[in-house]
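Here is the structure we will look at, set down as structure tokens.
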Amino acid sequence: MRITCPYCGERDIREFTYRGHALAIARPAPDAGEAAWDDYLHLRDNPAGATQDLWHHGPCGAWVIVDRDTVTHEVAGSKAVAEVKR
Amino acid sequence: MRLDRSGGDVAPSLSFTFDGETVRARKGETVAAALLANDIRLVGRSFKYHRPRGIWSAGPEEPNALITLGRGAAQTPNQRATVQEVYEGLEVSSQNRWPSLKTDLLSVNDLAAPFLGAGFYYKTFMWPRAFWERVYEPVIRRAAGLGALSGAPDQEPYEKAYAHCDLLVIGSGPSGLMAALVAARAGSDVIVAEQDHALGGRLLAEVEEIDGAPAADWVAAAVAELEAAPNVRVMSRTTVTGVYDQGTYGAIERTAMHVADPGAAPRQTFWRIVAKASILASGAIERGIAFANNDRPGVMAAGAVRAYANRWGVSPGKSVTVFANNDDAHRTARDLAAAGVTVAAVIDPRADAQAIGDYPLFSGAQVTGTTGRLGLTDITIRDASGKDQSVWTDCLAVSGGWNPSVHLTCHMNGRPVWNEDLAAFVPAPDAVPGLFPAGSADGAQSTADCLRTGAEAAIAALEALGQTTEAPALPKAENGFTGHTPFWLVPGKKRAWLDMANDVTVKDVKLAAQENFASVEHMKRYTTQGMAPDQGKNSNVAALAILADATGRTIPQTGTTTFRPPFAPVPLSAMGAGARGKGFAPERFTTSHTATEDLGAPFVEAGLWYRPSYYPRAGETTWRQSCDREVQMVRNAVGVADVSTLGKIDIQGPDAAALLDFVYTNMFSTLKVGKVRYGLMLREDGHVMDDGTTARLGETHYVMTTTTAAAGQVMQHLDFVLQALRPDWDVRIASATEQWAQFAVAGPKARALLDVVLDGPIDWAAWPFMSCGNIGVAGVPGRLFRISFSGEEGFEVAVPARYGEALYRLLLSQASVLGGGPYGMEALNVLRIEKGFITHSEIHGRVTAFDIGMERMISAKKDCIGKTMAARPGLLDPARERLVGLKPTGAVKELTAGAHLFNMGAEAVRLEDQGYITSVCYSPTLGSFLGLGFLKSGPDRIGETVQMVDHLRGVKTEVEVCNPVFFDPEGGRMRG
Chain C
48 MRITCPYCGE RDIREFTYRG HALAIARPAP DAGEAAWDDY LHLRDNPAGA
98 TQDLWHHGPC GAWVIVDRDT VTHEVAGSKA VAEVKR
Chain V
11 MRLDRSGGDV APSLSFTFDG ETVRARKGET VAAALLANDI RLVGRSFKYH
61 RPRGIWSAGP EEPNALITLG RGAAQTPNQR ATVQEVYEGL EVSSQNRWPS
111 LKTDLLSVND LAAPFLGAGF YYKTFMWPRA FWERVYEPVI RRAAGLGALS
161 GAPDQEPYEK AYAHCDLLVI GSGPSGLMAA LVAARAGSDV IVAEQDHALG
211 GRLLAEVEEI DGAPAADWVA AAVAELEAAP NVRVMSRTTV TGVYDQGTYG
261 AIERTAMHVA DPGAAPRQTF WRIVAKASIL ASGAIERGIA FANNDRPGVM
311 AAGAVRAYAN RWGVSPGKSV TVFANNDDAH RTARDLAAAG VTVAAVIDPR
361 ADAQAIGDYP LFSGAQVTGT TGRLGLTDIT IRDASGKDQS VWTDCLAVSG
411 GWNPSVHLTC HMNGRPVWNE DLAAFVPAPD AVPGLFPAGS ADGAQSTADC
461 LRTGAEAAIA ALEALGQTTE APALPKAENG FTGHTPFWLV PGKKRAWLDM
511 ANDVTVKDVK LAAQENFASV EHMKRYTTQG MAPDQGKNSN VAALAILADA
561 TGRTIPQTGT TTFRPPFAPV PLSAMGAGAR GKGFAPERFT TSHTATEDLG
611 APFVEAGLWY RPSYYPRAGE TTWRQSCDRE VQMVRNAVGV ADVSTLGKID
661 IQGPDAAALL DFVYTNMFST LKVGKVRYGL MLREDGHVMD DGTTARLGET
711 HYVMTTTTAA AGQVMQHLDF VLQALRPDWD VRIASATEQW AQFAVAGPKA
761 RALLDVVLDG PIDWAAWPFM SCGNIGVAGV PGRLFRISFS GEEGFEVAVP
811 ARYGEALYRL LLSQASVLGG GPYGMEALNV LRIEKGFITH SEIHGRVTAF
861 DIGMERMISA KKDCIGKTMA ARPGLLDPAR ERLVGLKPTG AVKELTAGAH
911 LFNMGAEAVR LEDQGYITSV CYSPTLGSFL GLGFLKSGPD RIGETVQMVD
961 HLRGVKTEVE VCNPVFFDPE GGRMRG
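Listed in order, the protein sequences are those of chains C and V. As numbered in my numbering, residues 48 to 133 make up the first sequence, in order. As numbered in my numbering, residues 11 to 986 make up the second sequence, in order.
Shown next as structure tokens:
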């Protein structure tokens, strides 16, 4: 599998570490309540189709959001987390 | 036998051995070609029935002629005689026979064949259950099988490699060469992968003309053009074995399998090729026809028979017969007759078959049987009128048509599509993104079609890469031999083989259907059809046709089995190349490594790092003696330890303090410049991630220390926090672990040692506990931190890594003057347990700040990672397993890490479990074993006695629950 790091270009998957769904970047406020925190930490959809993953590119340290299809394994695109959050 | 051909053919110049007998061969021949040239037809025994077997094919799909190369540790079993090239001195052995190939005692299995059909083992070896693994399996395994490994470690070199290109062309027959030429001329970056040592595919094996000249001339010109093109890389002897996501292809190259003395060259190389697009020009594989005793040596694929004649000048027989349902196979009769070989008969089940040369043709006829114990001698022909006659022949060339090699199109879940006109499976459209099938792999029936579709596929692939290319002028080529009528089997009672490699017959497939293993996947597993080294390349489609017939369905309704990688066998030694022994994991050495080795210290692995365990001295016979001495040395004089393996993260910027406040539970923005603070880091779920000290070197400059084990994880965590949660902060982080060598200097004489090593007189009053700053070290700018992991007055002195070894040697020589010296991980562990300091033995991922008694370190004045979830009531329940100290009080004065704790009088079972021990040591300071562990309501039970039971090691004792800080609880020694 190949992933494009927004800074380094297309790279082999072995340079990346996986960390689950991209909603991990939407941290709730400390007082958002139990349900919001439970959802943030534990509850994940299991889609057959399009999804967004978080991958860490070890060599440059970038966190990357990868648009991926769990059925076809197609990678539609990727963007830097830092750019999305800015 | 060798054919007398005009021009070119040189006399055999090489010799190799087959089962000890010398065989003469020509350079460029395969083992199979050389054996046939020397009239050796019997080359192996079958998997189950030990039937005599010969060579079936002329390519990598070979099911029968599996051989062992070499001897001893380098012995390589199950190689295909049809692929392996000969070289001077090559040693070849046949397989699965004893005592010899001609007299194989286990051929009695063949007599028992009526009982040994599909499912025999499942039905027979059911009772008693205890016999399954101890008796039945070893016996069956001895009887059945292929070649064997030597059992000795294989020291032959193998390699892994990587390649990148715009267009990967898989195969180099007419379609592959044409595609490669189009892409090469368009300036694309092209790789051509060909499993053979020579490019050309079937054109090397056929008598054909292209543009009015022999096809071989066109091939030679195409290869010369490709090899001269700077943008083309030709990889011969390279089989593409798998297709993976985003255009990644696996391939195995027989790099030096054909060389007599390869030296250090890798025998095989496993490639990962990344291609933006690819052309699948893998050709087609001929299929057989099932008829009685169709597995004898001398029964061969028709295309293979003429390949041996046309390419290598070898006739597999003196009197050849052909049994085929298609026009293409008539070429075998034509070509062999032209070469002067007797063609005794061509048997074609089609009533309207026409001869294309001068040979006896039996149209509307079938072959109903064969004879010849160790090799074919006669066949029985039933002619159109139903009359039987016997014909003497030593080679029967069989063809049931051709199956496109669609395998790679199935590797990403694509299912091939049945084409009724071709009576074959063809690749599904868009089965693999970016892969364009061409030529006979896509169902093309003639050389002209192959050339055309090769060019078209290349143009389509280049267009997909955004490049427009004009259609080239196509060479003029052969366009005939396309007639065929599906014909799968000759009915009869005798065994007719489908999968020769696994000894699966028509009867087995019918039995599977009869016993309701009617799904193709069930049939496959019940009969083992297609599960041999050839993976059903020769037989799967025929087996499917027979299953379809037996179950009253069409072939598309019956389906097809799934082709998975690898397409051809890949040795594990190639996949794992470089990962053997020390190559398995890189080693990280500290700057003091050599000096430590000089002192004879054994090393212990800490992640990839190697750290000294202890430093043995003369007279010490056990590690405990060294460890006890080193602990006492630190407590009474001074010890030196390399702590460079701890993670060091440099943090700079106006928001550095904000970042630290957010990732640590406690405050760092209030830390004064020149001070160090211990910090606790949580995961977002409220459990402890890591701990360590962070020093403030300047207003906007901190250096964070992580544990050795969590250095990478913490760095990744900080990256996440900065990029995903607070990209607005102006702060930068960098790992500096390898840039600094850092040594702990601990003990009552630590200052005295540093006085000698550090520049200038030091005013120690200005260096209180938990202070830090820049300092000169033997003339080099360094850093000093007054921190302690031993409970003694302690410092850590850091210098740029290039000075590490010199500083370490200086510290040791000066320490010895003071009665001190180096201490290792064992002593370091004892010192920290005596003080109740935690490591990842305690913060193992399931404990909270509350569990280790540090809940007050979670600041109420700010948010931090993990704060919200750490407040969950379940994580603050006083009854949780919480950190305590433990001391043995029973008859057994020993503690073991991993032992569990139970209340006195309670049964030592899971339901009564009260906790467990995480760290233990013998403390020479206190003269007792000490332990750290987690106990339910632990801190509320200080003074209580509980049982410790280690079921694994069989240790049992009573322990007293105590405060985890065993030694100097007020900390007076480290504050100084």
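Every residue, glycine too, gets a C-beta built ideally from N, C-alpha and C. Source: prediction; values computed, not measured.
Less than 8 Å between the C-beta atoms of Q524/V and M533/V, yes or no? No. Outside cutoff.
Give the residues of chain V in contact with A91/C, contact being defined as C-beta atoms less than 9 Å apart. For clarity, residue 91/C is Arg in the given sequence; the question names Ala instead. Neighbours of R91/C on chain V: none; closest Cβ ~14 Å, over 9 Å.
Any idea what DSSP makes of Q85/V, helix, strand or coil? If DSSP states are grouped into helix, strand and coil, Q85/V belongs with coil.
Excluding the 5 residues preceding and the 5 following V641/V in the sequence, name in chain order all residues of the same chain whose CB lies nearer than 7 Å to its CB. Only residues of its own chain outside the window of five on either side were considered, and among them A837, V840, L841, P934, T935 have a CB closer than 7 Å to the CB of V641/V, listed in chain order.
My assumption, with CB atoms under 8 Å, is that Y712/V sits in contact with T704/V. Please give the rounded CB distance. Contact flag correct, Cβ pair sits at about 6 Å.
Out of S929/V, L732/V, P622/V, point me to the one whose CA is closest to F613/V's CA. Distances from the alpha-carbon of F613/V to those of S929/V, L732/V, P622/V put P622/V closest.
Under 9 Å by beta carbon: chain C residues contacting L656/V: Residues of chain C passing the Cβ test: none, with the nearest at roughly 20 Å.
Taking only runs that begin and end inside the stretch 428 to 473 of chain V, name each unbroken beta strand (DSSP E) of 3 or more residues, in chain order. You should have 434 to 436, 445 to 447.
7 Å Cβ cut-off: residues of chain V touching G108/C: The contacting residues are D729.
When you compare the CB of Q726/V with every CB in chain C, is at least one pair closer than 8 Å? Closer than 8 Å: yes.
Since L828/V contacts V644/V with CB under 8 Å, what's their CB separation in whole angstroms? Contact between L828/V and V644/V does not hold, since their C-beta atoms are separated by about 12 Å, which reaches or exceeds 8 Å.
I believe H697/V touches V857/V by the beta-carbon criterion, under 8 Å. Please report the beta-carbon distance rounded to the nearest angstrom. Correct: roughly 6 Å between the Cβ atoms.
Please tell me whether W102/C has its Cβ less than 8 Å away from any Cβ of chain V. Chain V, which has no Cβ nearer than 8 Å to the Cβ of W102/C, makes this no.
Do you know how far the Cα of G846/V is from the Cα of N914/V? Rather than Asn, the amino acid found at residue 914/V in this sequence is Met. Put simply, the backbone Cα of M914/V is about 25 Å away from that of G846/V.
Chain-ordered chain V contacts of P77/C [CB-CB under 7 Å]: Within 7 Å of the CB of P77/C, the CB atoms of chain V belong to D873, K877, T878, in sequence order along the chain.
Any chain C beta carbon closer than 8 Å to E694/V: Yes, E694/V lies at the interface with chain C (some Cβ there is under 8 Å from its Cβ).
Pick helix, strand or coil for Q278/V, following the three-state DSSP scheme. In the structure shown, Q278/V sits in coil (DSSP, three-state: anything other than H, G, I, E or B).
Pairing CB atoms from the stretch 485 to 494 of chain V with CB atoms from the stretch 332 to 342 of chain V, are three or more of them under 8 Å? In the pairwise beta carbon analysis, the stretch 485 to 494 of chain V is classified as touching the stretch 332 to 342 of chain V: at least three pairs are separated by under 8 Å.
Please state if the CB of W281/V and the CB of A171/V are separated by a distance shorter than 8 Å. Their beta carbons are under 8 Å apart, which means A171/V touches W281/V by this criterion.
Under 8 Å, with one C-beta from each stretch per pair, do the stretch 874 to 891 of chain V and the stretch 667 to 675 of chain V reach the 3-pair mark? Three or more beta-carbon pairs drawn from the stretch 874 to 891 of chain V and the stretch 667 to 675 of chain V are found closer than 8 Å, and the two stretches are therefore classed as touching.
Would D255/V pass as an interface residue toward chain C - the criterion being a Cβ-Cβ separation below 8 Å? Yes, contact with chain C.
Within the same chain, show all residues whose beta-carbon is closer than 8 Å to that of I556/V, passing over the 5 residues directly before and after it, in chain order. Closer than 8 Å at the Cβ level, and outside the excluded window around I556/V, lie A300, W498, L499, L508, V516, V519, K520.
Give me the Cα-Cα distance between D701/V and K871/V, rounded to the nearest whole angstrom. Annotation: D701/V to K871/V spans about 20 Å, alpha carbon to alpha carbon.
Which of helix, strand or coil DSSP assigns to F594/V: In the structure shown, F594/V sits in a helix (DSSP, three-state: H, G or I).
Counting only the same chain and skipping the five closest in sequence on each side, list residues whose C-beta sits under 7 Å from that of A83/V. Once the five neighbours on either side are set aside, the close Cβ partners of A83/V are S160, A162, P163, D164, Q165.
What do you get for R15/V, buried or exposed, if any count of 16 or more other CB atoms within 10 angstroms of its CB means buried? Label assigned to R15/V: exposed.
If we ignore side chains and look at the alpha-carbon of each, how far apart do V919/V and D960/V end up? So the alpha carbons of these two residues sit roughly 11 Å apart.
For the structure I just gave you, are there three or more beta carbon pairs, one from the stretch 33 to 52 of chain V and one from the stretch 128 to 136 of chain V, closer than 8 Å? Touching, no, given that fewer than three Cβ pairs across the two stretches are closer than 8 Å.
Between the stretch 120 to 133 of chain C and chain V, which residues of the former have CB atoms less than 9 Å from a CB of the latter, in chain order? Along the stretch 120 to 133 of chain C, going in chain order, the ones with a CB nearer than 9 Å to a CB of chain V are H120, E121, V122, A127, V128, A129, E130, V131, K132, R133.
Chain-ordered neighbours of L735/V on chain C, where CB pairs are closer than 9 Å: The CB of L735/V comes closer than 9 Å to the CB of I72, R74, K132 in chain C, given here in chain order.
In this structure, does DSSP put A407/V in helix, strand or coil? In this structure, DSSP gives A407/V an extended state, which the three-state scheme calls strand.
Length of the line joining the Cα atoms of R598/V and S823/V: Looking at the two C-alpha atoms, the distance is approximately 25 Å.
Is the stretch 368 to 381 of chain V in contact with the stretch 302 to 321 of chain V, if contact means three or more CB pairs nearer than 8 Å? Short answer: they touch.
Per-residue contacts from R49/C into chain V (C-beta, under 8 Å): Simply D255, Q256, G257, T258, V284.
Using 8 Å as the limit for Cβ to Cβ distance, is T64/C near chain V? It does: the Cβ of T64/C has a partner Cβ on chain V nearer than 8 Å.
Check each candidate in T747/V, A666/V, M958/V and name the one with the smallest Cα separation from T899/V. Minimum Cα distance to T899/V is reached at M958/V.
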